[in-house]
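Quick note on our numbering: the sequence shown kicks off at 21 and runs consecutively. Just so it is clear, CB atoms sit at the ideal spot from N, CA and C, and this is done for glycine as well. Step one of this worksheet: look at the structure below.
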Amino acid sequence: MPELFVQHAWIGIPVWALLYVSDYTMTIVCARMYQNGVRNKIAFEGSYELTPYFQRDIDSLRVISPRFVLALLITSIILLLIWQSLQTLAPQVFDFLLGAFISSQLSIHIRHIRNFFLFRAASTDAVRGRIEYSRPLSLQVSSIEMLSFAGMFLVLFAFTGSWFILGGAMSSLSISAKHSKLARKHISSIPAGQETIASAVAD
Numbered sequence: 021m022p023e024l025f026v027q028h029a030w031i032g033i034p035v036w037a038l039l040y041v042s043d044y045t046m047t048i049v050c051a052r053m054y055q056n057g058v059r060n061k062i063a064f065e066g067s068y069e070l071t072p073y074f075q076r077d078i079d080s081l082r083v084i085s086p087r088f089v090l091a092l093l094i095t096s097i098i099l100l101l102i103w104q105s106l107q108t109l110a111p112q113v114f115d116f117l118l119g120a121f122i123s124s125q126l127s128i129h130i131r132h133i134r135n136f137f138l139f140r141a142a143s144t145d146a147v148r149g150r151i152e153y154s155r156p157l158s159l160q161v162s163s164i165e166m167l168s169f170a171g172m173f174l175v176l177f178a179f180t181g182s183w184f185i186l187g188g189a190m191s192s193l194s195i196s197a198k199h200s201k202l203a204r205k206h207i208s209s210i211p212a213g214q215e216t217i218a219s220a221v222a223d
C-alpha cells in the first residue's frame, strides 16, 4: 500500500490532505464538546489545543481557519514538488516524508477518537467528580503518547524496512520532542514558589 502512495502522488497526497482536514474537524468537534460542559469535569489549563499555531482558531471554534488552509496548501504543494523532482532519483525520500505526514496523522486520530468517547461519557454519570490537568502535564502526556507511537513504528520498521514506516517513527519522535520542550518552557515560566509541583510533572 505505501508503494501505491509513492508511485501515484495523486493518491498519496489527497489521502494525507483528507486526514489533515479530518484532524482539524475532529479537533473542532471535541473542542466544542469541551466548551459545552466537559470542562466542568475534565479541565485543561490554557487552550484545549496543544499546538500554539492553531490555538486561537480552535479556542474560537473557527470552522474555516485561514491558518489551517494555508498550512494545508503549502504542505501539499511541497509534497508534490518533492515527488516530481525525486520520484526517479530518490523515491525513498518522498516515501519517508509521506509516511511522516500520514502515520503521524493516524496516531493523532487515535487520540481524537479516545477524546470523543471520553467527552461523551463525561456528559453522563459515567464520569464523576472533576480533574484539572496543568499545562505542563498535558504536554508531557502528549509527549509520552507520541513517543509510544514512535516506538511502535520503529518496531514495525525493524520488520518491514519500510521508509514510509520510518517516516512515521521520526515524525512521532519530533512531535514528542516538541511537546516535551513546550512543557519545560512552560515550567520555566512558572512563578517562584510553585516549582516543586512543576518539577514533579516534568519528572
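| said: Taking the alpha carbon of residue 33 as the reference point, which residue from 94, 175, 68 has its own alpha carbon closest? | reply: 94
| task | For residue 282, count neighbouring C-beta atoms within 10 Å of its own C-beta (all shown protein chains included) and say buried if the count is 16 or more, exposed if not. | result | Not covered by the structure: residue 282. The range shown for the chain is 21 to 223.
| query | Would residue 155 be called buried (16 or more neighbouring beta carbons within 10 Å of its own) or exposed? | reply | buried
| said: Contact between the stretch 110-125 and the stretch 174-190 is defined here as three or more beta-carbon pairs at a separation below 8 Å; is this criterion met? | reply: yes
| Leaving out five residues before and five after residue 131 in sequence, what residues of the same chain have Cβ atoms less than 7 Å from its Cβ? | 165
| query | Is the distance from the Cβ of residue 202 to the Cβ of residue 159 below 7 Å? | reply | yes
| task | In the DSSP assignment, find the unbroken alpha helix (DSSP H) run with residue 165 in it and report its ends. | result | 155-180
| In chain order, what residues of the same chain lie with their CB nearer than 6 Å to the CB of residue 60, ignoring the 5 residues before and after it? | none
| Exposed unless 16 or more other CB atoms sit within 10 angstroms - verdict on residue 135 | buried
| query | Straight-line CA distance for residue 101 to residue 38? | reply | 19 Å
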